[in-house]
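Read through the structure below, which is laid out as structure tokens, and then see the notes.
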Amino acid sequence: MKITTLEEALKKIEKLEKENAYLREELEAARNRKMSGRKKHNEKWMNAYNDFVTCFENGMSIVDIAKRQNVSQRTIYRYKEYYDKLQEMS
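Just remember that this note's numbering sits 4 ahead of the position in the sequence shown, which is counted from 1.
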């Protein structure tokens with residue numbers, strides 16, 4: 005739709021300003037949202053990983069380590085992948 009009058013232009017501006025305000029609110033809500041998913045290697049993660057290393061090096065199975073730490077086996081495999089990568093580097 006082509007705007008031909010000042011009145012149409014003002015209505016279009018008003019509509020766009022409302023839409024812009026709405027989108028700003030959505031953006032702010034998205035910025036303030038707590039992110040989920042895997043966390044960085046923070047202190048809690050490192051403590052769990054170090055416990056995994058101790059158990060793994062003492063011959064404990066993946067299943068037993070997962071039960072001990074009350075996490076999924078997939079999490080333990082992530083620890084093992086990280087462990088293997090560090091072993092390759094050293």
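Ideal Cβ positions, reconstructed from N, Cα and C, are used throughout, including at glycine.
- prompt: What residues in its chain sit with their C-beta under 7 Å from that of Ala13, if we drop five residues either side in the sequence?
  reply: The residue labelled residue 13 in the question sits at position 9 within the sequence shown. Correct list, in chain order: Ile7.
message: Threshold first: 4 residues or longer. Then list the alpha helix (DSSP H) segments lying entirely within the stretch 52-79, N to C.
response: 66-73
query: What is the DSSP secondary structure of Ile17, reduced to helix, strand or coil?
result: One-based indexing of the sequence shown puts residue 17 at position 13. Ile17 falls in the helix class under three-state DSSP.
query: Pairing CB atoms from the stretch 46-62 with CB atoms from the stretch 72-80, are three or more of them under 8 Å?
result: yes
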